[in-house]
Amino acid sequence: MSRIEDALARAERDGRGAFIGYLPVGFPDLRTSIDAAVALAENGVDVIELGPPYSDPVMDGPVIQEATNAALEAGFRTADLFTALREITRRTDVPVVVMTYWNLVVQHGVDRYADDVLAAGGAGLITPDITPDAAEEWIAASRRTGLDRVFLAAPTSTDERLDLIVAESTGFVYTVSTMGITGERAELDVAARALVERLRAHGARRACVGIGVSTPDQIASILEYADGAIVGTALVRALGDGGVEALAAKTRELAAGAVRR
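Quick note on numbering: my numbering labels position 210 of the sequence shown as 201, and the sequence is numbered without any gaps.
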């Protein structure tokens, strides 16, 4: 069982669904982003998603785009990701998965990227802009290193595509709640529930829902049918507005929604 699978199973044994928190590494600066990720772990998240900044973040909403742009303008480099991973995983046992656009992996070298993530203590990669049928090199590298590979499923995914996603994903399947970019939404698309049901029918063991999740009630609602809920924008906003202390408070508030009712 991988560290991510173990974290999801541990949450289940504790009577909770998994709460997965995303932050961009390097925002507002590298040191603070490391402290912020540790604060997520200390205040209730089960898995940390760490996103290296990218100049063309097609999936990210305005809050995350603004944060990643700030990190890039402050001089973030890919090597900083591995520095952050090493320190975060030294300070917490909560697994850290890297959510990265594929071009960053290719530029670094697929095998080299996998080796560096593993050496720094990372648990795997979430790759939002590459499909399993185009990820042969990454699938081979993840099998060699034991890193989890998390692919995305969308409401528009065909049954044939879901078969491939389920077959090649490890850890969990990232279930996109609705079409569009990340960000807080007043109401989550009911398509997420139907998509998780389809993923289960295609054999998925673990499915976690992200995009648009920003309140404890939304987390609780998702955990009626999914294994985990993924929050990004609300956490990034808290960090940007009030620093690590405000982030810790927001994390505790959201974690309350992960207790199964």
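By construction, the Cβ of each residue, glycine as well, lies at the ideal position given by its N, Cα and C atoms.
Since we're looking at a predicted model, the values are computed, not measured.
Euclidean distance between Cα positions of Ala0 and Ala158: Counting from 1 along the sequence shown, the entry for residue 0 is found at position 9. Counting from 1 along the sequence shown, the entry for residue 158 is found at position 167. Computed Cα separation, rounded: 20 Å.
Start and end residues, alpha helix (DSSP H) containing Val73: Here residue 73 corresponds to residue number 82 of the sequence shown, with the count starting at 1. For the record, residue 73 in the displayed sequence is Phe; it is not Val. Note, Phe73: alpha helix (DSSP H), 69 to 82.
DSSP state of Arg9 mapped onto helix, strand, coil: Translated into the one-based positions of the sequence shown, residue 9 becomes position 18. At residue 9 the sequence reads Ala, which differs from the Arg that was named. In the structure shown, Ala9 sits in a strand (DSSP, three-state: E or B).
Arg140: first and last residue of the uninterrupted beta strand (DSSP E) it sits in: Translated into the one-based positions of the sequence shown, residue 140 becomes position 149. Segment 139 to 141, the beta strand (DSSP E) holding Arg140.
Contacting residues, own chain, Cβ-Cβ under 8 Å from Ala177 (five flanking each side not counted): For this step, residue 177 is matched to residue 186 along the sequence shown. Residue placement at Ala177 cannot be trusted, given a pLDDT of 49 that sits under 50; what the coordinates show is reported in the next sentence. Result list for Ala177: empty, nothing under 8 Å.
Option nearest Thr169 by Cα separation, candidates Leu190, Ala229, Pro146: The residue labelled residue 169 in the question sits at position 178 within the sequence shown. Nearest C-alpha to Thr169: Pro146.
Ala177 (DSSP reduced to helix, strand or coil): Translated into positions along the sequence shown, residue 177 becomes position 186. Low confidence applies here, because Ala177 scores a pLDDT of 49, under 50, leaving its location unreliable; read the following figure in that light. Three-state DSSP puts Ala177 in coil, outside helix and strand.
Backbone secondary structure at Glu40 - three-state DSSP: Translated into positions along the sequence shown, residue 40 becomes position 49. Here Glu40 sits in strand by DSSP.
Simplified DSSP assignment, three categories, for Ala126: In the sequence shown, the residue the question calls residue 126 occupies position 135. The answer is coil: DSSP assigns Ala126 none of H, G, I, E or B.
Three CB pairs or more closer than 8 Å across the region 237 to 246 and the region 69 to 89: no
Ser46 at chain D interface by Cβ criterion, 8 Å: Here there is only one protein chain, and chain D is not present.
Option nearest Glu128 by Cα separation, candidates Val96, Val167, Ile(-5), Gly35: The residue given as residue 128 occupies position 137 in the sequence shown. Ranking Val96, Val167, Ile(-5), Gly35 by Cα distance to Glu128 puts Val96 first.
CB-CB length for Gly12 against Val222, believed under 8 Å: As a working note, residue 12 is residue 21 in the sequence shown. As a working note, residue 222 is residue 231 in the sequence shown. That pair is a contact at about 6 Å.
Enclosing beta strand (DSSP E) for Leu116 [first to last residue]: One-based indexing of the sequence shown puts residue 116 at position 125. Per DSSP, Leu116 belongs to the beta strand (DSSP E) from 115 to 117.
Through-space distance from Gly233 to Val54, alpha-carbon basis: Here residue 54 refers to the residue found at position 63 when the sequence shown is read from its first residue. Here residue 233 refers to the residue found at position 242 when the sequence shown is read from its first residue. Distance between the alpha carbons of Val54 and Gly233: 14 Å.
Endpoints, beta strand (DSSP E) assigned at Val29: Here residue 29 is taken as the residue at index 38 of the sequence shown, counted from 1. Looking at the DSSP string, Val29 is not in any beta strand (DSSP E); the run it does join, the alpha helix (DSSP H), is 21 to 33.
Residues sharing a beta bridge with Pro15, DSSP: Along the sequence shown, one-based indexing puts residue 15 at 24. In the DSSP secondary-structure assignment, Pro15 is bridged to Gly42.
Cα-Cα separation between Leu186 and Val235, rounded to whole angstroms: Counted from its first residue, the sequence shown places residue 186 at position 195. Counted from its first residue, the sequence shown places residue 235 at position 244. Going from the Cα of Leu186 to the Cα of Val235 covers about 34 Å.
Thr80 and Ala111 closer than 8 Å at C-beta: In the sequence shown, counting from the first residue as 1, residue 80 sits at position 89. In the sequence shown, counting from the first residue as 1, residue 111 sits at position 120. Contact: yes.
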